[in-house]
Every structure is written in structure tokens, then in C-alpha cells.
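First the structure, in the form of C-alpha cells, and then the observations on it.
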């Protein structure tokens with residue numbers, strides 16, 4: 002029961018694709034769960050929190066990262082995201098009816114959104130009502146279950162506030178949960194109250210309260226986010242604690258009148274309105290199902306507004322919605338935005354008191370084309386996130402886009418990577434010898450948070466040498482190192498690519514690896530796989546470098562790994578680069594042509610080109626072309642350090658003396674090796690390159706300052722904070 | 003409505019703290035009061051009050067208010083216990099009658115220890131006679147001893163305690179005694195009356211105290227006394243008199259006595275030699291003693307034969323001191339006083355009798371009345387007070403020279419008689435007993451001070467008044483028995 006008309010018509014226990022055992026269509030309601038399932042509830046809860054930070058189980062196993070849990074997420078997960086915490090703090094302090102954004106964190110997988118959720122949970126959870134739902138669970142999560150899980154968590158009793166209640170939502174869920182026994186609307190009207198009260202009593206007798214039953218059917222969606230700290234897990238565990246019983250005699254049916262007055266429901270009689278809800282779910286079409294969801298969301302927001310209208314209640318409720326790019330995540334967020342817009346703009350009610358932080362690894366279809374042309378928003382950088390920034394950039398209130406606040410999570414810069422490594426040292430002192438490798442890690446991963454973690458984990462588990470040439474040789478094959486101990490452990494490259502490219506089959510990955518040979522992915526796709534939607538797919542996954550770069554290049558981390566794999570297919574490698582070189586030749590872009598010829602291994606051709614260019618173009622331009630060409634990828638042998646690699650490349654070159662040809666060829670090979678962090682992790686060839694530029698300056702009569710400067714730059718090399726175009 | 007955003011847990015703590023403080027604020031004083039009550043408790047119904055810590059309240063005899071009362075209170079307690087025991091065993095009904103006066107005395111009181119002890123002894127005799135003596139009747143009587151404290155300062159506590167006992171197993175219906183005629187005792191009397199309790203005064207003689215529901219007195223009122231004194235003086239040939247009066251506002255006794263004498267004495271042949279000479283006992287002792295010392299100068303000047311002293315007995319002794327030091331020692335005077343003289347103790351009487359003046363007073367009762375006017379008193383009752391009688395046997399060595407025992411006896415006997423009559427009705431209540439006081443014309447109380455029936459105003463009908471004289475032995479001799487305001491006994 003994964004889709005179609007059956008979807009959404011089952012009762013809580015048989016909710017859609019939630020449970021494999023329910024796929025046979027055994028429709029049972031919460032109240033009719035067998036008693037042993039109560040025991041299972043606690044088991045599930047324990048299971049959720051004992052080890053696994055939430056993630057796709059398959060990927061977790063593949064990457065060997067099951068069980069990663071940090072002591073505190075505030076220090077580690079928050080580099081570059083502190084403004085998000087300030088933004089949430091600001092939102093929570095606003096008056097209950099103030100308008101707040103639906104903040105959505107955008108970025109590729111591993112960009113740290115889950116860590117932000119964990120941090121927010123840890124930071125605000127102890128003091129504020131919050132709820133966390135992950136839509137990338139093992140099973141899909143229907144909107145009604147998502148609402149129930151959120152409401153149940155928001156009901157948590159906090160010392161400084163009175164308990165919040167969700168009577169309207171609960172009544173709506175109850176009324177649409179199990180199919181009513183009736184032959185006519187009139188009969189349904191007569192019996193629904195009694196049936197609902199019986200149903201409520203049965204559910205409470207089994208689960209303590211009705212909403213708690215949803216933990217059983219949707220337990221996978223409330224696990225702690227990936228990388229959650231123990232503190233965050235403790236807070237979340239407290240939020241989903243069950244067993245509270247409602248005050249005896251308090252019936253949800255008391256809130257029926259709200260449904261009779263709702264604009265989406267035809268009947269004005271409260272009990273007929275509830276019968277209508279039931280019919281929508283159990284006898285209606287897809288439109289009825291959507292209408293039911295809209296009413297339930299409206300009830301949820303109405304309950305929130307009513308809660309905050311009372312004294313001793315919070316000003317706002319924090320919702321953390323992880324992985325909203327999934328089918329049910331998108332649906333949930335769509336409904337939430339729509340309900341808020343309908344209530345606030347159309348019905349002119351006070352705005353609901355929700356502070357929503359969602360995250361998505363994909364461009365959402367509702368925003369139009371992935372180029373972003375149809376969407377009024379341009380994602381903002383999280384460092385400057387604030388309510389004034391939102392107010393300044395939000396579209397007019399007439400559009401429901403007005404509620405979004407998209408924040409593009411950026412990669413970590415070098416300093417942040419360095420700090421992160423040092424923070425990791427607190428819990429993993431065995432990383433101490435690798436603190437000096439922060440520039441290497443940053444060059445290699447471009448600062449993608451998850452990649453940094455994976456590399457550090459590989460250091461720990463694969464026994465990297467602590468220092469010296471041995472370390473260089475060890476790092477040369479880092480992508481093939483295993484991420485954790487054990488024979489079946491995945492390699493770093495496999496684990497990282499599986500995570501980043503989840504959902505792309507092997508064929509597509511091979512194609513992507515070929516296309517990634519081009520610096521401009523769009524060119525690669527156009528030349529090597531014309532008509533393929535791969536470029537749009539990668540852009541939708543936020544895997545292109547940010548909008549600040551002109552060239553739509555694939556993120557350096559997956560590109561490096563894909564090319565590492567492509568290098569194992571020498572013929573394909575050569576073919577791809579030959580084709581691309583030919584393409585750029587015909588396009589009249591010799592620098593790009595030479596880039597691919599070098600990657601193809603045609604060092605002499607490249608050297609010849611650069612020798613020819615040396616006397617005819619200004620030194621600065623020559624240096625620029627030299628840098629662009631020698632940034633080319635390579636398929637060097639997997640053994641040896643940078644000097645050994647250099648020696649291999651020099652073999653066969655013959656004795657060319659100290660002339661320009663010799664110097665330039667040596668510079669080309671040295672910088673080619675140097676620019677690959679896996680080939681020269683410690684940048685040991687920097688001095689060699691500096692000497693090369695010095696020698697080059699002696700071969701030119703004028704315009705040598707640029708060459709001096711370049712020599713000086715390499716001699717006193719300082720790794721750039723963010724740009725990794727070099728190396 | 004404005005949202006309150008204070009932290010709920012803090013608010014709860016504050017509310018809890020306020021509630022605790024409120025509970026403590028109420029509870030601590032209550033506890034202190036309770037502890038104070040416990041510490042101030044002398045016995046059931048008896049508490050410590052006042053600066054001197056005197057024990058006041060109501061007892062069935064198990065608490066002894068003063069050492070000199072021990073013997074009589076012990077007898078009362080035993081009798082009360084027996085009544086209760088008989089009620090339990092034989093279903094013998096009983097009610098309670100209290101004897102109330104100031105039993106813990108100081109110099110401020112006009113009564114002496116002797117007089118209040120004698121009262122209680124007489125009250126006990128009446129109880130005994132009613133319960134199992136020669137007048138044995140039903141329902142039985144428990145006699146409660148009620149102490150209003152010195153100067154009746156704690157009358158309210160004691161009266162409240164008595165009122166409470168109307169609804170308890172005590173079944174109190176009547177209060178007797180009631181002390182001398184003071185405003186506090188009058189207030190106590192009125193409150194008892196308002197609560198439906200029958201009251202019988204033994205020595206309260208102020209004329210203005212009358213027409214109170216359920217109230218009667220067994221002694222003559224002041225008017226009757228003053229008229230009796232005037233009649234006696236006229237008969238004895240005295241022609242010229244002066245009145246010495248205590249002007250203290252609270253002294254109703256003195257006021258009514260003087261007023262009645264001034265009305266009764268002057269006639270065609272007799273005169274008052276001067277306006278009333280006054281002193282004020284409510285002032286500082288030094289002041290009223292000075293006033294009393296100055297009065298003899300005027301008296302010498304006016305040359306009366308008789309001085310009518312309208313004041314308390316204890317002031318009388320001071321006046322007699324002053325009169326002994328008069329300048330006109332060549333002249334002799336006869337001093338006539340009211341019944342309060344009977345409250346003087348033996349030493350005071352001896353002292354007064356040595357002042358070279360003849361001191362007469364209108365008493366309330368005297369045991370020689372039976373021998374002097376046998377038709378005026380009940381022989382059976384009077385016999386208990388004669389030498390060798392039951393009172394002498396019960397309380398040997400206690401010379402009941404003042405007649406207070408007789409008055410108290412007659413008061414309790416009146417209450418008992420009322421109870422006996424009320425028992426014919428559906429229920430013996432204070433109001434029923436009070437109504438019976440006016441039903442006694444046909445069957446008067448056989449009192450030792452005279453046969454008693456009562457006018458509607460509460461005064462006794464045709465009550466005989468004894469004229470007494472203080473002798474040098476500290477006793478009062480019966481001079482003559484005189485009829486009240488209707489004239490000397492012999493005139494009737």
C-alpha cells in the first residue's frame with residue numbers, strides 16, 4: 002500500500018507504506034493495536050535512541066557510520082551556521098502572532114543540515130517546546146502522521162510553561178482514523194460522538210494517550226538526527242516520552258464545533274462535519290484526501306494559536322523538519338505553507354506561532370525550474386540570516402513564497418575545518434597527528450562537513466602514518482582506504498559517493514564520472530552525454546559549486562572521487578579527455594583544450610603550447626593560463642609520494658638543459674602533481690615550483706615582475722581560506 | 003486578555019511560598035493561641051486569666067478555686083459525681099445549677115473569703131437537701147461552681163462557659179449567687195438572661211436590678227432595706243439623721259440605698275440634718291480615705307443622732323476609723339448601714355465595734371430570725387443553720403456569723419423549687435424554670451431567711467429584714483426583724 006487510492010485510507014497501524022507487515026492491507030486503527038504492541042513501543046523507542054543517529058539505514062551501513070554521535074553539537078556542527086541559531090532565537094522571542102519564516106536549509110547531502118537540527122534541538126529543546134520529524138525515514142510519512150508526531154512532541158511539559166494541547170487536531174485524526182459504521186449521514190451523525198469517545202478510551206487504555214499510538218506506526222521519523230549529540234538525543238527522548246494519561250473525563254469531542262465552522266467543510270453541523278472528514282478519508286478521492294489534510298493542518302495551527310493565546314504558554318513552537326525533499330516531506334511542507342497562507346492571508350487570522358526550520362538536499366519542484374528563474378527567492382547565505390534580512394527580501398504577502406526563507410549552507414573554510422578537527426580531538430585524541438593536515442583535508446573536500454568527517458574517520462580507522470613521506474604515500478590512495486575496520490568496510494570513495502549520489506544508479510554514476518572530467522559540468526554533459534538530464538539532476542541536488550562561481554562546476558569533492566574512479570578505466574579516461582580536448586579545440590579555447598590534453602597525459606604537447614605562449618603573451622596572462630592548464634586531473638600511479646610521481650613524469654623527457662623548454666616542462670609536471678592534494682598532500686613541491694618561476698624569470702628580458710611575484714607566492718605559500726582552484 | 007509570560011515554575015513556587023506563608027500566618031497564631039490555651043488551662047472549663055493568673059470559669063468541684071473552699075468543693079464534687087452515677091445507673095434525670103460569684107478575692111472586692119465560703123456552704127446544703135435530703139425531689143441537681151474572678155473582671159469568660167453548658171451533658175438551667183450589685187455582675191446577669199438561663203440572686207440588693215426575664219432575688223432590695231432601717235430608726239425614736247454616700251458610678255448599691263433612705267426617713271417629726279455627705283470610692287484609695295476622714299468634721303457640725311452609711315462594708319470600716327477620731331467626742335452616734343456590712347470579716351467587725359459608736363445594719367438573714375420571728379421563716383430550713391445543725395456538722399469550726407450561707411441556700415433552693423415545678427412540663431429548660439419563679443405564690447420556697455415567693459419584677463414578696471448590730475466579739479446580733487417597705491414587723 003504505497004500509493005494510489007489506498008494510500009491515506011488505512012488506519013494508523015496500516016498507514017501507507019509505513020510497515021512492511023501492513024502491506025497486505027490489514028486495516029486496523031490505533032485503538033485496536035494488540036497489547037503486545039505497547040511493549041513494542043518502548044522497545045522501538047529504545048532502539049531509536051540507543052545507537053542510531055537517524056539516517057538511511059542502507060547508507061549508514063554502507064558508510065560504516067552507524068553510531069556516530071557527538072558529545073555536543075553546538076561546537077562542531079555549527080561552524081558557519083551560528084546565524085541560524087540566532088535567527089531561531091529571534092523567532093522564538095517574537096510575540097505569538099508575529100510572522101515568522103519557514104526557514105529551509107539548502108545544500109547537498111552532508112552539508113550539515115542535520116547537525117543544525119541537532120544543535121537547535123540541544124540549544125532550545127530544554128527550554129522551548131519543539132518537535133523533530135525526519136521525512137527521509139525508512140518508510141514514508143503521511144502528513145497526518147507527521148502532524149500527530151509533531152503535536153505529541155509539542156505537548157511535552159516544560160517547567161516554565163503549562164502543557165500545550167491539540168484537541169482539534171486530535172479530534173480530526175480520531176474522526177478520520179477508523180471507518181465509521183453507518184448507513185447514512187444521519188445515522189453517522191447520531192453515532193459518531195459515542196463511537197469517537199469509545200475509540201478514544203480504547204486508545205488511551207492501550208497507549209496512555211491517543212497521539213502516543215502514532216509513535217508505533219511512525220517511529221522511524223522521530224529518531225535523533227544524524228550526528229546528534231548525546232545532549233540532543235536526551236532532549237528528544239524527553240520530548241517523545243509516552244505514558245501520560247489525559248485527565249479523566251476530558252473528551253476530544255468537545256472541540257467538534259470548530260469543524261462545523263471550517264470553510265473547507267460543507268456541513269455546518271459539528272457532528273456531520275466530522276462524519277464528512279471520515280467519508281473523505283475512507284470513501285473519497287485524492288482531492289478529498291488532500292482536503293482532509295488541509296483541514297487537519299488548519300486544526301493544528303488553530304490549536305497552536307489557541308495555546309499561545311493563554312497565559313504561561315510559549316510565544317512560539319519550534320518545528321524541525323529534516324529531509325523535506327522526500328515525497329512526503331515535500332507534501333508536508335507544501336500543506337504547512339498552504340495552511341499558514343490560507344489562515345493568515347486568505348482568512349485574515351493571526352499568524353500561527355510556529356518557528357519552522359526545514360532542510361532539503363534538493364531543489365523543490367514547487368519552486369519551478371532548478372535554474373531558479375521562476376522563484377522570487379535567491380537562497381541567502383546562512384552567515385547573514387536574520388529576521389530583518391528575511392523581511393527585506395521576502396516577496397509580497399500575496400504569494401505563499403513569502404513564507405520561505407531559503408538559506409544555502411556553505412562549505413567550511415580552512416579555519417573552520419581546522420577548528421573542527423581540533424574540536425574532534427576532544428573525543429578522539431588519536432587524531433592529534435593529523436591536525437597539521439587541515440589544509441589537505443580542506444583542499445580535498447572543499448570543506449563539505451560530512452566529507453571532512455569521513456576523511457577524519459578514515460584517518461582514525463585505517464591507521465594513517467603520523468608524519469613524513471610515508472604519510473604522503475599513504476594519503477596517495479586515501480580514497481581507496483576503508484572508512485572503518487573490517488573486511489566488508491567500504492572505501493572512502495564508495496561511501497562518500499554512495500551518500501552524495503544516493504538514488505543515482507551505477508550507470509548514471511559512470512556517466513557522471515565521465516562528464517565530471519570537464520571543469521564545466523554542463524559542457525561535459527553536452528559533449529559526452531547529449532540530451533541527458535544529468536546536469537539538472539546534479540543542480541537540483543545542490544552539487545554544483547555555489548552561485549558565486551561562474552563555471553557550473555561539480556563540487557570538487559564528488560568530482561575528485563568520480564575522477565578517481567574514472568582513472569581506473571584508462572581507456573575511458575583517455576577517450577573522455579580526448580573528446581573534450583577536441584571539443585575545446587573546435588571551440589577555439591586552447592587553454593581548456595590543453596587542460597584536457599594534460600589530463601590525457603600529453604605533457605609534451607602542453608609544454609610546447611606554453612613555450613610558444615611564453616614570449617608572446619604578458620607574463621601575468623601566461624601564469625594564468627599555466628595555472629588553469631596544470632589544474633588538470635590526472636591518473637597517476639597509485640604508489641609513491643610526490644617526488645616519485647614527479648620522477649615518473651620526468652622519465653623519457655631527456656636532457657633538455659636549462660632552457661625554457663626544460664624549465665617549463667618541469668614546472669608543468671611539478672604543478673600538475675602539486676595541484677592534486679592526493680598526489681602532493683603536504684605540498685612538498687611548492688619550493689620546486691617557486692624555483693621554476695625564478696628560473697623562468699631569467700629567461701625573459703622584460704615583464705618579469707609577475708614571475709618574481711609568482712615565485713615569491715609559492716615560496717611563502719599560504720593556503721587560501723575558501724578557493725581551491727589551485728590544488 | 004493580556005498574556006502572562008512569567009515562568010510557570012517560578013510562579014508556582016511563588017504561589018506555593020505565599021500559600022505556605024499564609025498558612026503559617028494563620029496557623030502560627032492559632033498554634034500559639036492553642037499552646038497558650040493549654041498553658042492557661044487550670045482544669046476543664048477553668049482557665050488562667052488576668053495579670054494575677056487567677057483561675058476563673060466553671061467547675062463541678064474538681065477544681066478548687068481557693069484553699070479555704072476545699073472542703074465544701076470536695077463535698078459538691080462528690081455529690082455531683084453521685085448524681086451523674088445515678089443518671090447512668092438508674093436513669094435518674096438531672097440538670098445543673100451554678101453558683102456564681104467572685105471566689106478568688108483581692109483587696110478590691112467587697113466580699114470577704116468568709117462570706118463567699120459561707121455562700122458556697124449554704125448552696126451545697128440546698129443541693130443536698132434537694133437531691134437526697136429532707137426535700138428530696140427530681141430531677142436531681144448538679145451544682146457547678148462558677149468563678150467570675152476578682153471584681154468579676156472575667157465575668158464574660160465565665161458566663162460564656164456557663165452558656166455553653168446549657169447544651170452539654172451538664173444541662174445547665176439556672177445560675178444562682180450572682181455576686182454583689184455591681185455593673186459587671188449586672189451585665190453578667192443580663193447576658194445569662196438573654197440566653198434563657200434562670201437566675202436567682204442571693205445578696206444582690208440593688209433596687210434597679212429588676213424586671214429581668216427569669217430573674218429573682220431572695221434577699222430584700224435596697225429600698226426595702228432602707229425602708230426597714232428608716233422604720234426601725236423611727237420606731238426607736240431617732241429624729242435627726244445624715245446620709246454618707248459613696249458616689250462611685252459603679253456602686254449601684256450605694257446609690258439606691260441612699261435614695262431610698264432619703265425618701266423614707268424624713269417626715270413631720272424627723273429630718274435630715276444636711277445634704278448627703280459623699281465620697282468616691284472609684285478614685286485612688288488615698289483620695290477617698292481623705293474624703294472619709296473629712297466627713298466627721300461636718301457631722302460634728304450638724305449634730306445628727308444617726309448616720310446612714312450608704313456604701314460598701316469595707317469603706318464603712320474606714321469611715322468608722324475616721325469617726326472614732328472625730329472632734330466632737332462628747333457626742334455619740336448610731337451608724338446604720340446596709341447588708342454589705344455582712345461581708346466584713348470577723349476582724350473588721352471587731353475593729354468597727356470598738357469605735358465608740360453603735361453600728362446597726364440591715365442584714366439579709368440571720369440564723370436567730372427563726373427564734374425571734376418563728377412564723378416568718380421555715381423551721382425545717384432554719385434548723386440546719388442552728389448550733390449543732392447540719393451545717394455545723396459538715397463544716398465544723400466555721401462560724402457563719404454573716405448569714406450569707408442562709409441567703410445562698412435560699413437562692414439554690416429557689417432554683418431547685420423552680421426546677422421541680424418545671425419538671426411537670428415537657429422539658430426542664432432555663433426559661434421554664436424562670437417562668438416557675440412566678441408560680442410560687444401557692445407553694446412558696448421554704449427558705450431559711452423566710453418563705454419565698456416573688457413579684458413580677460423579681461423581688462421577694464413580703465420579705466422580712468433583720469436589723470443587726472455589730473458586737474465586740476466580731477459577730478452580728480439580731481436586734482429586730484422588720485418588715486420591708488411596709489413598716490416594722492409588728493405593724494403588719
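Residue numbers (this note's numbering), protein chains in the order written: chain A, 2 to 728; chain B, 3 to 494.
Glycine included, every Cβ here is placed at the ideal spot set by N, Cα and C.
No experiment lies behind these values; they were computed from the predicted model shown.
With 8 Å as the threshold, decide whether the Cβ of residue 462/A is near any Cβ in chain B. no
If you check the beta carbons only, do residue 259/A and residue 303/A fall under 8 Å apart? yes
How about residue 634/A and residue 671/A: do their beta carbons lie closer than 8 Å? no
In terms of residue numbering, what span does the beta strand (DSSP E) encompassing residue 59/B cover? 56 to 61
Go through the stretch 352 to 409 of chain B residue by residue and report every complete run of the beta strand (DSSP E) that reaches 3 residues or more, in order. 360 to 364
Whole alpha helix (DSSP H) runs in the stretch 213 to 260 of chain B with 4 or more residues, listed along the chain? 224 to 237
With a cut-off of 8 Å, does the C-beta of residue 162/A fall near any C-beta of chain B? yes
So with CB distances below 8 Å, who are the chain B contacts of residue 200/A? Ordered by position in chain B, no residue passes the 8 Å Cβ test against residue 200/A, which lies about 32 Å from the chain.
Alpha carbon to alpha carbon, what distance is there between residue 551/A and residue 397/A? 30 Å
Taking 8 Å as the threshold (C-beta atoms), are residue 141/A and residue 329/A in contact? yes
Looking at residue 175/A and residue 211/A, is the spacing between their C-beta atoms short of 8 Å? yes
What separation, rounded to the nearest whole angstrom, lies between the Cα atoms of residue 308/A and residue 357/A? 17 Å
Tell me residue 279/B's beta-bridge partners as DSSP assigns them. 246/B
Under 8 Å, do residue 204/B and residue 178/B count as touching if we go by C-beta distance? yes
Thinking C-alpha only, which one of 118/A, 82/A and 130/A is nearest residue 93/A? 130/A
Since residue 15/B meets chain A, which of its residues come closer than 7 Å, beta carbon to beta carbon? Correct list: empty, because the minimum Cβ distance to chain A is about 10 Å.
Residue-chain proximity (residue 159/B, chain A), Cβ-Cβ < 8 Å: no
Alpha-carbon spacing of residue 625/A relative to residue 668/A, whole angstroms: 14 Å
Backbone CA spacing between residue 1/B and residue 102/B [nearest angstrom]: Nothing can be reported for residue 1/B: it is not among the residues displayed for chain B, which extend from 3 to 494.
Could you work out which residue in 679/A, 576/A, 532/A and 385/A is closest to residue 482/A when comparing CA atoms only? 679/A
Taking Cβ positions only, does residue 312/A come closer than 8 Å to chain B? yes
Do residue 154/B and residue 187/B have their CB atoms nearer than 8 Å? yes
Interface flag, residue 5/B vs chain E, CB-CB below 8 Å: Among the protein chains of the structure shown, namely A and B, there is no chain E.
Please confirm whether residue 197/B has its beta-carbon closer than 8 Å to some beta-carbon of chain A. no
Could you pull the start and end residues of the beta strand (DSSP E) that residue 48/B belongs to? 48 to 51
Count the C-beta pairs between the stretch 36 to 44 of chain B and the stretch 85 to 103 of chain B that are closer than 8 Å, then say yes if the count reaches three, no if not. no
If you reduce the DSSP assignment to three classes, tell me which class residue 339/B lands in. strand
What ranges does the alpha helix (DSSP H) occupy inside the stretch 134 to 183 of chain A, keeping only unbroken runs of at least 4 residues that lie completely in it? 144 to 155 and 168 to 178
Any idea what DSSP makes of residue 452/B, helix, strand or coil? coil
What is the rounded straight-line gap between the Cα of residue 25/A and the Cα of residue 321/A? With a pLDDT of 29 at residue 25/A, under the threshold of 50, the modelled position of that residue is not reliable, and no figure is offered here.
Beta strand (DSSP E) runs wholly inside the stretch 411 to 479 of chain B, at least 3 long, in chain order: 466 to 472
Who are the near neighbours of residue 76/A in its chain, counting only those whose CB is closer than 8 Å to its CB and skipping five residues on each side? Note that residue 76/A scores a pLDDT of 43, beneath 50, so its modelled location is shaky; the value from the coordinates is reported in the next line. Answer for residue 76/A: 424, listed in chain order.
Contacts that residue 9/B makes with chain A (C-beta to C-beta distance below 7 Å): 161
Quick check: the stretch 522 to 529 of chain A against the stretch 435 to 446 of chain A, are at least 3 beta-carbon pairs closer than 8 Å? no
I need the boundaries of the alpha helix (DSSP H) containing residue 462/A, first residue and last residue. 450 to 463
What did DSSP end up calling residue 93/B once you bin it into helix, strand or coil? coil
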